[in-house]
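Counting from 226, one number per residue, gives the positions in the sequence shown under the working numbering. Taking it in order: structure first as structure tokens, then the write-up.
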Amino acid sequence: MHSPTGTIHGAEDLARALEDMAVGARGRSGYAAATTALEWAASLSTCDTERARRLCAAAGDAAVAGEHARAQALLTAADRLPTVPPPAVPAAETAIAAALAGLPRAALTPAGRTDGPAGLARGLALMQIGDGRAGAVLIRTSRPATPPSSLRVRIATGVGATLIGEHRAALHTLSSAAEDARRTGAIRLLPAALGGRAHAAAAVEPIGLALSAAREATAVARLTGDVFWQRRAAAITAVLYALRGDAEPSYAAIEQAGAPDDAVTRYAVTDALHLLELGLGGSDRGPRPPGPDPADLRLDAVEVQLRSGRRPSARVLDAVERLSRDADFPLRAARAWRIRGLLAAPAEYPCCFAAALTLHRRVEHPFQTGRTLLAYGERLRRAGRRTEARRWLREALDGFERLGARPWAGRAAAELAAAGEGRPRPRVAAGDTPPLTAQELQVARAVATGLTNREVAQTLFLSHKTIEFHLGNIFRKLGLRRRAQLVQLFL
């Protein structure tokens, strides 16, 4: 802690030396130690500008260390300085850390900022408290145009991307962020990166692969004591098991998710219950899904009601129509048009399904697209238009089989048979194979980036023979023969 001349010239020199110590501690993943060093540096600062900067930097490190109350206290101390506002970026990054930890009140604290990292943090926080529309708008408008240097902001950008339906972009961002978190030792950031990646994978990848991602996220969150991401990953796991038709594991995951305050997790639990009802008819052993609420409408609740032979109320139907015209949220609008197609008069339903399929092309979500194709084929078949029905039902069946959504593939196959096509031979889907282990999933993702086996071994700190062993298991489980097929699977 000495200057080049061998002496310390006052408190400011000591403060700068403490800042250097904080940088060193941060490089060794010692975020709590970095926080303490920066706190001391702030106390020694000779001007309020430097004091505010150091307090905010300390708050950011405290948030990464999981000490959110301490981070908030440091921000409050910076806010109380009489002459200068705290620097925006460190405060915003602390809000990002709070949002990633499931602390929306802390994330909403930096008032007035609706751009950049602060706006992104507010968007994530609004999603967590159930204001999805305002949250989505902020996430869209606040995302950085270029990849941010801050790992926290990169992870938040990826988590936000999947919440607004940009699942492929989210997968790319969060996969690279997870590897960087491992490489730099930012272990407390891993649950958010892995949990967000699992959420994105659940929308676009075969169920078996997505389940592996969700299990890895759950395991790391449990290891680090991150209850927020444990619950969200459990809810995602419940949805995936429901899609695959595995009721008991789905109900077990729902129990693990508990009764979360986080609206995103709560909605995923509700979605799992509705999917179990729609795919399997529910179970006496599990909780029943809630009915449709016009004020906070879950569209699957409406379909459950329709499939049970009950017509929704006028208020619910008004809400469905309103959502179908909300082009800012194309996936939700497509699902609303699907509901309208199920309800429409014979002369009107083709237009409803055409509108839904047009919107589906804007957002990649093969399961929801498959459901619309299946519903359209069902209506055509019941109207006696069997040749037309087969076209849509074949496409639905292909999609469900690729995903491994067994109950839905069964429904599509039964409809095809009823439409006059011989029952297709069942195919082996990636989602029907045993899920990859967390280690196998890491190896698969690394190989899919184009790395050689030796490069993968160096990246993951494993032996070359271990990589070959894992690759053999991966190829066997996924029914692959060439590396190019693995690359294509992860594109």
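Where is the CB? At the ideal position from N, CA and C, for every residue including glycine.
Determine the closest residue to residue i out of the options, with distance taken between C-alpha atoms.
i: Ala669; options: Ala326, Ala435, Asp356; result: Ala435
i: Arg536; options: Ser688, Glu646, Leu567; result: Leu567
i: Ile479; options: Asp487, Ala488, Arg457; result: Arg457
i: Asp304; options: Ile321, Leu325, Arg276; result: Arg276
i: His695; options: Asn678, Ala709, Gly534; result: Asn678
i: Glu477; options: Ala346, His585, Tyr466, Leu505; result: Inspection of the sequence shows that residue 477 is occupied by Ala rather than by Glu. Among Ala346, His585, Tyr466, Leu505, the Cα nearest to that of Ala477 belongs to Tyr466.
i: Gly344; options: Ala426, Ala425, Ala381; result: Ala381
i: Val378; options: Asp356, Gly285, Arg407; result: Gly285
i: Leu548; options: Arg560, Ser538, Ala406; result: Arg560
i: Tyr256; options: Glu573, Ala572, Ala290; result: Ala290
i: Val494; options: Leu503, Gly504, Ala482; result: Ala482
i: Asp553; options: Pro329, Glu391, Leu239, Ser270; result: Glu391
i: Gly645; options: Arg606, Pro555, Gly624; result: Arg606
i: Ala472; options: Gly504, Thr449, Phe453; result: Gly504
i: Ala634; options: Ser270, Gly470, Ala262; result: Gly470
i: Arg417; options: Ala428, Thr449, Ser533, Glu430; result: In the sequence as presented, Arg is not what sits at residue 417; that position holds Ala. When each option's Cα is compared against that of Ala417, the closest is Thr449.
i: Leu599; options: Arg636, Glu589, Arg565; result: Arg636
i: Leu414; options: Ala395, Trp454, Arg440, Ala439; result: Trp454
i: Asp521; options: Thr274, Leu501, Val545, Ser533; result: Val545
i: Thr501; options: Val541, Asp525, Leu531, Ser367; result: Note that residue 501 is Leu in the sequence shown, not Thr. Here the closest residue by C-alpha is Asp525.
i: Leu243; options: Val712, Thr274, Cys272, Ala283; result: Ala283
At what residues does the alpha helix (DSSP H) containing residue i begin and finish?
i: Phe554; result: Phe554 -> no alpha helix (DSSP H), and no H or E assigned at all.
i: Ser549; result: 539-549
i: Val494; result: 488-505
i: His695; result: 689-703
i: Ala580; result: 574-585
i: Thr612; result: 611-628
i: Arg347; result: 341-353
i: Gly635; result: 631-643
i: Gly291; result: Looking at the DSSP string, Gly291 is not in any alpha helix (DSSP H), and its letter there is neither H nor E.
i: Pro329; result: 329-332
i: Val588; result: That residue, Val588, is in no alpha helix (DSSP H); it is neither H nor E in DSSP.
i: Ala526; result: 524-532
i: Ser270; result: Per DSSP, Ser270 belongs to no alpha helix (DSSP H) and is neither H nor E.
i: Ala406; result: 392-409
i: Leu376; result: 376-388
i: Leu363; result: 357-367
If we ignore side chains and look at the alpha-carbon of each, how far apart do residue i and residue j end up?
i: Ala569; j: Cys577; result: 8 angstroms
i: Leu351; j: Leu661; result: 34 angstroms
i: Thr409; j: Glu620; result: 44 angstroms
i: Thr260; j: Asp245; result: 12 angstroms
i: Arg279; j: Arg701; result: 53 angstroms
i: Arg523; j: Arg365; result: 22 angstroms
i: Ala294; j: Pro372; result: 29 angstroms
i: Glu603; j: Ala638; result: 11 angstroms
i: Val527; j: Ala326; result: 32 angstroms
i: Arg587; j: Thr594; result: 11 angstroms
i: Glu640; j: Leu622; result: 10 angstroms
i: Ala250; j: Glu693; result: 37 angstroms
i: Gly704; j: Arg616; result: 27 angstroms
i: Ala247; j: Ser374; result: 18 angstroms
i: Arg707; j: Ala673; result: 11 angstroms
i: Ala317; j: Arg241; result: 23 angstroms
i: Ala581; j: Ala460; result: 27 angstroms
i: Thr319; j: Ala446; result: 20 angstroms
i: Ala497; j: Arg393; result: 22 angstroms
i: Ala267; j: Trp562; result: 57 angstroms
i: Ala403; j: Glu665; result: 15 angstroms
i: Gly357; j: Ala332; result: 16 angstroms
i: Gly629; j: Gly433; result: 7 angstroms
i: Ile354; j: Val489; result: 8 angstroms
i: Leu556; j: Glu626; result: 21 angstroms
i: Leu349; j: Glu441; result: 23 angstroms
i: His499; j: Ile564; result: 15 angstroms
i: Ala539; j: Ala579; result: 24 angstroms
i: Val529; j: Gln297; result: 44 angstroms
i: Pro329; j: Ala323; result: 7 angstroms
i: Val429; j: Pro591; result: 6 angstroms
i: Ala614; j: Ala643; result: 10 angstroms
i: Ala370; j: Thr398; result: 13 angstroms
State yes or no: is the C-beta of residue i nearer than 8 angstroms to some heavy atom of the ligand NAP?
i: Ala580; result: The model on display carries no ligand, and the ligand NAP is accordingly not part of it.
Could you tell me whether any Cβ in chain B is nearer than 9 angstroms to the Cβ of residue i?
i: Thr443; result: Given the protein chain composition of this structure (a single chain), no chain B is represented.
(Q) Tell me whether the region 413-427 and the region 376-386 touch, counting them as touching only if at least three CB pairs, one residue from each stretch, are closer than 8 angstroms. (A) Yes, the region 413-427 is in contact with the region 376-386.
Q: Would you list, in sequence order, the uninterrupted alpha helix (DSSP H) runs of no fewer than 4 residues that lie entirely inside the region 411-496?
A: 415-429, 432-449, 452-469, 472-482
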